[in-house]
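Chains as they are written, first to last, in the numbering used here: chain A, 1 to 308; chain B, 1 to 557; chain C, 1 to 299. Remarks on the structure that follows.
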Amino acid sequence: MSTSTKKKDAGLHNSLVYIVQHWQLYVFFLLPALALTIIFRYIPMGGILIAFEKYNPIRGILGSEWVGFKHFSRFLSSPDFLSYLGNTLKLSVFGMLWGFPVPILLAFLLNRIESKGIKKKIQLCLYMPNFISVIVLCGIVRIFLSVTGPVNLLLGTQINFMTMPEAFRTIYIASGIWQGAGWGSIIYTAALSNASTELKEAAVIDGANIFQQIKAVEWPAIKATVIIQFIMQAGNIMSIGFEKAYALQTDLNMASSEIIATYVYKKGLLDGDYSFSTAVGLFNTVINVILLVAVNKIVAKMNDGQGL
Amino acid sequence: MKNKLVKRVIAAALAAGMVFSLTACGGGSDVELNTGELQEVDASELEFPLAEKATLTGMISYPANTESNPNNRTIFKRLQEETNVEIEWTAIQGDQWGDKITLAMANLDTLTDFIFTAGFGDNDLLRYADQGVIIPLEEYIDTYMPNLKAVFDKFPEYRKMSTDSEGHIWALPWIEQLGSEKTAIQTVGDMSFINKKWLDFLGLEVPTTVDEFEQTLIAFRDHASELQAEFNIDGSIIPMACIVNDGNQDPALLINGFGEGYGDCDQGRHIAVTDEKQVICTATQQGFKDGIAWLHSLYEEGLIDAEAFTQEWSTYVSKGKSGRYGVCFSWDVANIVDDFAGWVPLPALTADTRNITPENGSFTSGYDRGRCVVTAVAQNPALVCAWLDKMYDPFQSPQNNWGTYGEDDDFDIFELGENAQGEKMLKHAPLGDASPVEVREAESVNGPLAILDEYYDVYVTCPDDAQYRLDWIEEYYTPDMNTKYVYPNVFMTQEDTEDLANLQTDITKTINATRSDWIMNGFTDADWDEYLKNLDAYGLNDMLEIFQKYLDAYYAE
Amino acid sequence: MKKKSRFARYSFQDKALLMVGYILLGLFVVAIVIPMVYIIVASFIDPVTLQNKGITFDFSKWTLTAYERVLSNAQIWIGFKNAVIYSVVFTFVSVLITMLAAYPMSRADFRGRKFFNVIFVITMFFGGGLIPTYLLISNLKLLNSMWAIILPGAFSVWNMIIARTYYQGIPGELREAADVDGANEMVFFFRILLPVCTPIIATLSLWQFVGMWNSYFDAMIYLNDSAKQPLQLVLRSILIQNQPESGMISDMQSTAERAQLAELLKYATIIISSLPLLVMYPFFQKYFDSGVMAGSVKG
Numbered sequence: 001m002s003t004s005t006k007k008k009d010a011g012l013h014n015s016l017v018y019i020v021q022h023w024q025l026y027v028f029f030l031l032p033a034l035a036l037t038i039i040f041r042y043i044p045m046g047g048i049l050i051a052f053e054k055y056n057p058i059r060g061i062l063g064s065e066w067v068g069f070k071h072f073s074r075f076l077s078s079p080d081f082l083s084y085l086g087n088t089l090k091l092s093v094f095g096m097l098w099g100f101p102v103p104i105l106l107a108f109l110l111n112r113i114e115s116k117g118i119k120k121k122i123q124l125c126l127y128m129p130n131f132i133s134v135i136v137l138c139g140i141v142r143i144f145l146s147v148t149g150p151v152n153l154l155l156g157t158q159i160n161f162m163t164m165p166e167a168f169r170t171i172y173i174a175s176g177i178w179q180g181a182g183w184g185s186i187i188y189t190a191a192l193s194n195a196s197t198e199l200k201e202a203a204v205i206d207g208a209n210i211f212q213q214i215k216a217v218e219w220p221a222i223k224a225t226v227i228i229q230f231i232m233q234a235g236n237i238m239s240i241g242f243e244k245a246y247a248l249q250t251d252l253n254m255a256s257s258e259i260i261a262t263y264v265y266k267k268g269l270l271d272g273d274y275s276f277s278t279a280v281g282l283f284n285t286v287i288n289v290i291l292l293v294a295v296n297k298i299v300a301k302m303n304d305g306q307g308l
Numbered sequence: 001m002k003n004k005l006v007k008r009v010i011a012a013a014l015a016a017g018m019v020f021s022l023t024a025c026g027g028g029s030d031v032e033l034n035t036g037e038l039q040e041v042d043a044s045e046l047e048f049p050l051a052e053k054a055t056l057t058g059m060i061s062y063p064a065n066t067e068s069n070p071n072n073r074t075i076f077k078r079l080q081e082e083t084n085v086e087i088e089w090t091a092i093q094g095d096q097w098g099d100k101i102t103l104a105m106a107n108l109d110t111l112t113d114f115i116f117t118a119g120f121g122d123n124d125l126l127r128y129a130d131q132g133v134i135i136p137l138e139e140y141i142d143t144y145m146p147n148l149k150a151v152f153d154k155f156p157e158y159r160k161m162s163t164d165s166e167g168h169i170w171a172l173p174w175i176e177q178l179g180s181e182k183t184a185i186q187t188v189g190d191m192s193f194i195n196k197k198w199l200d201f202l203g204l205e206v207p208t209t210v211d212e213f214e215q216t217l218i219a220f221r222d223h224a225s226e227l228q229a230e231f232n233i234d235g236s237i238i239p240m241a242c243i244v245n246d247g248n249q250d251p252a253l254l255i256n257g258f259g260e261g262y263g264d265c266d267q268g269r270h271i272a273v274t275d276e277k278q279v280i281c282t283a284t285q286q287g288f289k290d291g292i293a294w295l296h297s298l299y300e301e302g303l304i305d306a307e308a309f310t311q312e313w314s315t316y317v318s319k320g321k322s323g324r325y326g327v328c329f330s331w332d333v334a335n336i337v338d339d340f341a342g343w344v345p346l347p348a349l350t351a352d353t354r355n356i357t358p359e360n361g362s363f364t365s366g367y368d369r370g371r372c373v374v375t376a377v378a379q380n381p382a383l384v385c386a387w388l389d390k391m392y393d394p395f396q397s398p399q400n401n402w403g404t405y406g407e408d409d410d411f412d413i414f415e416l417g418e419n420a421q422g423e424k425m426l427k428h429a430p431l432g433d434a435s436p437v438e439v440r441e442a443e444s445v446n447g448p449l450a451i452l453d454e455y456y457d458v459y460v461t462c463p464d465d466a467q468y469r470l471d472w473i474e475e476y477y478t479p480d481m482n483t484k485y486v487y488p489n490v491f492m493t494q495e496d497t498e499d500l501a502n503l504q505t506d507i508t509k510t511i512n513a514t515r516s517d518w519i520m521n522g523f524t525d526a527d528w529d530e531y532l533k534n535l536d537a538y539g540l541n542d543m544l545e546i547f548q549k550y551l552d553a554y555y556a557e
Numbered sequence: 001m002k003k004k005s006r007f008a009r010y011s012f013q014d015k016a017l018l019m020v021g022y023i024l025l026g027l028f029v030v031a032i033v034i035p036m037v038y039i040i041v042a043s044f045i046d047p048v049t050l051q052n053k054g055i056t057f058d059f060s061k062w063t064l065t066a067y068e069r070v071l072s073n074a075q076i077w078i079g080f081k082n083a084v085i086y087s088v089v090f091t092f093v094s095v096l097i098t099m100l101a102a103y104p105m106s107r108a109d110f111r112g113r114k115f116f117n118v119i120f121v122i123t124m125f126f127g128g129g130l131i132p133t134y135l136l137i138s139n140l141k142l143l144n145s146m147w148a149i150i151l152p153g154a155f156s157v158w159n160m161i162i163a164r165t166y167y168q169g170i171p172g173e174l175r176e177a178a179d180v181d182g183a184n185e186m187v188f189f190f191r192i193l194l195p196v197c198t199p200i201i202a203t204l205s206l207w208q209f210v211g212m213w214n215s216y217f218d219a220m221i222y223l224n225d226s227a228k229q230p231l232q233l234v235l236r237s238i239l240i241q242n243q244p245e246s247g248m249i250s251d252m253q254s255t256a257e258r259a260q261l262a263e264l265l266k267y268a269t270i271i272i273s274s275l276p277l278l279v280m281y282p283f284f285q286k287y288f289d290s291g292v293m294a295g296s297v298k299g
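Pasting the structure below:
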């Protein structure tokens, strides 16, 4: 009652004092980002309403006819919905499973290379694939995996990889790792450079083997980054973009290559049906948020309270 | 405590977001909108050239790497002089058109009076019509567009095809007649071609039945090394090349003769019309089953290109250009091979019967319903329509479509000549080294137009590449066309268009995937039965019913 | 006395472990280099030969036609110039704003930290979508302006979080030293903190630059002038292959020709669009490895 209100007043008072004292923090440091966020992210947010409407540009977002959950039910009741959902989840979950550790391993290995020259050259090679666009990547994949392509020549076979649904996931994930692992290791390399060299020397002198060194020195340096990356990726599980899957899709591997995004692209975007695609986007987002919150809680528990 | 705070913050943020967005994105803008009712204008005000210069706005697409300002094109310069109407163009590069036009149609601030090269599908047309973004034109056509009206009067089926179920015409069409009925150039899309040089070299005749065809392919395969030696071919011999499920590169023509002879040439919808005016699904017929099984046997024997299921057009062409093909499929073999003279079209193959099913919608030759629309933003629709009517002038249409004459520099598609009556006529000019495509793209503007068969040799000569293809059709394919009806180009209601689109996505996907799978891997009777069951589950009968409904209506009038 | 190489000082077990690791690394690098070499070589070979024979090191078959075609295309140079301008401006603006914002967010004493955190993180998942954003840009009269593609994406919450994490990893002694000297926030930030953040600045700069360099979608919908198109957009219009549609003969021919051109130019365009990035990269490289401790706390 009176004590708590006094506390609250004190708290508010303290806050105001702080803000005035540190006004630079707010006005100079935070404001640009905040302004951009409000203008370009929050103002268009009203557009989510499109998902519940039959959008008509003449009537605008507020004036269009309200259809409630019609788009959602259309999406959820299509006969293959579960298959699309499953394909999407499998791609991202397995993608994460296989793809998440690789950049970390690369960063560890790179960190231990002594010769700066070699290290730089290797880094250059690792980062190169990232500079290619997705479409070009898929073109390369198709060329290499074609019946008369290099992979088949090497193996002496005539397997048509692109027509096999079983192969699709591997192709998708492996090419993703090929393209992104090197680039993804940058963030860990940067964090590792923070690792105190003195600590490392000390550990070595103490006779620690590699694992102990890693545990004592390198892991603490990148732990925070790893956690954040993990949580963020988990929260993006449902957001696989359509471009790559669409480019790697063929008539014959649809059983595993038709994901939510490609289905929506064909049904929604090609017809200019923004309401439909917004609705699916919203659906995706909701699932992502649920996953994100869940993963965050779990990780926080394992990490004494430090999450996103 | 923390949770409550977080929740409160989220709620506040979202609410704030909503409030902000209400101010920014609410409602339409200050643009005055046309409700679509006929706005009458005195005919004298529309006489060209106008007494006072008028300005209209329009949207147009142009091929990449060509002139980006439409007003610099000779055709529009001349039109501006003739009419005293200046057009402020919003020009969008062709390869970006698809993505950008839908956005443009959603933003009233950037919408123009008309969209010259809209090319909208039925779904789009009806949706925009429903939203009120485009206006109905049937009254304007009758009152202010004499050229187009004349075309409709000569060929009432075009008017019928352009009118929706409620009597509205929402767009001005593009019409390019090249032949008609069974001689129309569109009747056979995926034409089959055979390498005559190889046949002559091996002492073989052009096959006339499916068995002879198979033997021919086998001969190609078995004599591969001799062919390679004789013709200096780099790379392996491919007896039959195609791209399954890919438009004109699909080998559907080969199996036309199986079963009752319905074939399966409509790859988007897989339908055909029986002589009793019934709509059937071609992919569930006995003929389809037998035909696919036969194709599979060809594949098993290594006679079909292993890459036929996944390759891209460019790969297909590269291999063709190196002379490796025995049989190939395309709109025109000139696109695929370098040695044009060594190839001939392959006529129908007799299987159980002998038939070529003309493609659906082809009897009315080239027709694009949603080519040009007038939007709700147009303040003077009568003027817009009158201006657009100039495009349907018989002397103007060929120019818009193909190119023009009399440019100071560069090559022209046409030169101004005379027809037999001594009146002015556009003659296709020799191009020397210049690529016809490049010249066409540099000069033509597309958009709404009508070129009728009766114009040839009166207002314009027929283009060479069209002429020889028309000749091919007449010589090699028309005699075998025993089918009476094709599915016409009907204009369905919005509801039916949507339902159909939904049904088709799944049905077509299944059929095409199955085709590929079975040609490659073969199939059993059990597979066939399950396939039929799946199609039923996806609503095949509903789809056929919709098609049937409109077919009946079409012939009822 | 020459220091014994670190590697030699490892125990046998560790050496073996590292060897395995290095071999895997080596394989990974090889798996990257081979396709890259393939692309480079393929850009010198005419597509028909490529299709039939695969790549060949028979130099007589090599040709520079692809490069000639690409480099003589004025539009490509315009696109190049635009891409450089957009990427540089974007990187500068974006990294600056992000690094600024991450600073207060990294301080435990910052009032309102949780509040702003929530505000920012929400935007990572919820957004209005294409249409409302497009309408907004149109209302702000930014259509056809460079800022339409720079401003909306300039502040990346993800990057801010990473920068924030980095700041938090910097030892507190730095701050204490500055307080002792009586520095205010801005001075502290620019004079003391930033110089020590070179790895993260380099990382974010590289990310943002590459991101902007490789992007085309925003440029496609917001920029209409062909003189404003960035490189990726120009390349895309060369490479797009649409299947010929039946019935429009002129379209048939043009699509066939364009498809062949696209095939010829495919590899050369890949090289041309990636080359600048590869050239730029070593410039950033040297910042990745500089540690925080170097030069800041002595003794």
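For glycine and all other residues, C-beta sits at the position ideal for the given N, C-alpha and C.
Pick helix, strand or coil for Ile-177(A), following the three-state DSSP scheme. One-based indexing of the first sequence puts residue 177(A) at position 177. Helix.
Could you name the residues of the region 225 to 254 of chain A whose beta carbon sits closer than 8 Å to any beta carbon of chain B, in the order they occur along the chain? Thr-250, Asp-251, Leu-252 and Met-254
Counting only the same chain and skipping the five closest in sequence on each side, list residues whose C-beta sits under 8 Å from that of Leu-142(C). In the third sequence, the residue the question calls residue 142(C) occupies position 142. Within the same chain, Leu-142(C) has close Cβ partners Ala-148, Leu-151 and Tyr-222.
Closer than 8 Å to chain B by CB, Glu-173(C): Against the third sequence, residue 173(C) aligns to sequence position 173. Taking Cβ atoms only, chain B never reaches closer than 8 Å to Glu-173(C), which makes this a no.
Between the region 283 to 293 of chain B and the region 520 to 540 of chain B, can you find at least three pairs of beta-carbon atoms closer than 8 Å? yes
By how many angstroms is the C-alpha of His-223(B) removed from the C-alpha of Trp-518(B)? The residue labelled residue 518(B) in the question sits at position 518 within the second sequence. The residue labelled residue 223(B) in the question sits at position 223 within the second sequence. Taking the straight line from one Cα to the other gives about 28 Å.
Can you tell me whether Met-302(A) is buried or exposed? The criterion is at least 16 other CB atoms within 10 Å of its CB, across all chains shown. For the purposes of this step, residue 302(A) is taken as the residue at position 302 of the first sequence. In the assembly as shown, Met-302(A) is an exposed residue. Its beta-carbon has fewer than 16 other beta-carbons within 10 Å.
What does DSSP give as the partner residues of Asp-368(B) in its beta bridges? On the second sequence, residue 368(B) is found 368 positions in, with the first residue counted as 1. Its beta-bridge partners are Trp-174(B).
Beta-bridge partners of Lys-53(A), as assigned by DSSP: As a first step, residue 53(A) is located in the first sequence; it is residue number 53 there, counting from the start. A small correction: the amino acid at residue 53(A) is Glu; Lys does not occupy that position in the sequence shown. DSSP, once it has assigned bridges, lists Trp-66(A) as partnering Glu-53(A).
Using a Cβ-Cβ cut-off of 8 Å, state whether Gly-79(C) counts as contacting chain A. Here residue 79(C) refers to the residue found at position 79 of the third sequence. For Gly-79(C), the answer is no, since every Cβ of chain A falls outside 8 Å of its Cβ.
Spell out a yes or no on whether the region 131 to 151 of chain A and the region 216 to 233 of chain A are touching, meaning 3 or more CB-CB pairs, one atom from each, closer than 8 Å. Flag = no, the region 131 to 151 of chain A and the region 216 to 233 of chain A do not touch.
Output yes if chain B places a C-beta closer than 8 Å to the C-beta of Leu-135(C); else output no. To locate residue 135(C), count along the third sequence from 1; it is residue 135. Judged by the 8 Å Cβ criterion, Leu-135(C) is in contact with chain B.
Element boundaries [alpha helix (DSSP H), containing Thr-414(B)]: As a first step, residue 414(B) is located in the second sequence; it is residue number 414 there, counting from the start. One detail in the question is off: residue 414(B) reads as Phe in this sequence, not Thr. Not the alpha helix (DSSP H): Phe-414(B) falls in the beta strand (DSSP E), residues 414 to 418.
Outcome for Phe-75(A) when other beta-carbon atoms lying within 10 angstroms are tallied against a minimum of 16: Position 75 of the first sequence holds residue 75(A). The residue is buried, with at least 16 neighbouring Cβ atoms inside 10 Å.
Taking 8 Å as the CB-CB limit, is Met-1(A) close to chain B? Stepping through the first sequence from its first residue, residue 1(A) is reached at position 1. Residue confidence is low: Met-1(A) scores 47 on pLDDT, short of 50, so the model does not pin down where it sits. No coordinate-derived value is stated.
Rounded separation between Lys-244(A) and Glu-307(B) - CA only: The residue you call residue 244(A) lines up with position 244 of the first sequence. The residue you call residue 307(B) lines up with position 307 of the second sequence. Answer to the nearest angstrom: the Cα atoms are 21 Å apart.
Compare the C-beta of Ala-74(C) with all C-beta atoms of chain A and state if any pair is closer than 8 Å. Here residue 74(C) refers to the residue found at position 74 of the third sequence. Cβ-Cβ to chain A under 8 Å: no for Ala-74(C).
Tell whether a beta-carbon distance below 8 Å holds between Glu-100(B) and Tyr-555(B). The sequence position of residue 100(B) within the second sequence is 100, counting from 1. The sequence position of residue 555(B) within the second sequence is 555, counting from 1. A small fix is needed here, since residue 100(B) is Lys in this sequence, not Glu. Cβ atoms of Lys-100(B) and Tyr-555(B): not closer than 8 Å.
Output the residue ranges of the alpha helix (DSSP H) runs that lie fully inside the region 259 to 347 of chain B and measure 4 residues or longer, sorted by chain position. 286 to 300 and 313 to 321
Residues near Ile-113(A) by beta carbon distance below 6 Å, same chain, minus five either side: Locating residue 113(A) in the first sequence gives position 113, where the first residue counts as 1. The answer, listed in chain order, is Lys-119.
Would you say Pro-24(A) and Glu-176(C) are within 8 Å of each other, going by their C-beta atoms? Stepping through the first sequence from its first residue, residue 24(A) is reached at position 24. Stepping through the third sequence from its first residue, residue 176(C) is reached at position 176. The sequence shown places Gln at residue 24(A), not Pro. No, Cβ-Cβ distance for Gln-24(A) and Glu-176(C) is not below 8 Å.
What's the C-alpha gap between Leu-470(B) and Pro-394(B)? The sequence position of residue 470(B) within the second sequence is 470, counting from 1. The sequence position of residue 394(B) within the second sequence is 394, counting from 1. Whole-angstrom Cα-Cα distance: 21 Å.
Go through its chain and collect everything with a Cβ distance to Ala-101(C)'s Cβ below 6 Å, but skip five positions before and after it. Here residue 101(C) refers to the residue found at position 101 of the third sequence. Excluding positions up to five away in sequence, the list reads Met-160.
In the DSSP assignment, the beta strand (DSSP E) including Met-425(B) goes from what residue to what residue? Within the second sequence, the letter at position 425 stands for residue 425(B). 424 to 428 is the span of the beta strand (DSSP E), which, as asked, contains Met-425(B).
Going along chain B in order, which residues have a C-beta closer than 7 Å to the C-beta of Asn-56(A)? The residue you call residue 56(A) lines up with position 56 of the first sequence. Correct list: Gln-131.
Reference Leu-383(B), options Leu-33(B), Asp-42(B) and Thr-35(B), closest by Cα: Within the second sequence, the letter at position 383 stands for residue 383(B). Considering only alpha carbons, the answer is Asp-42(B).
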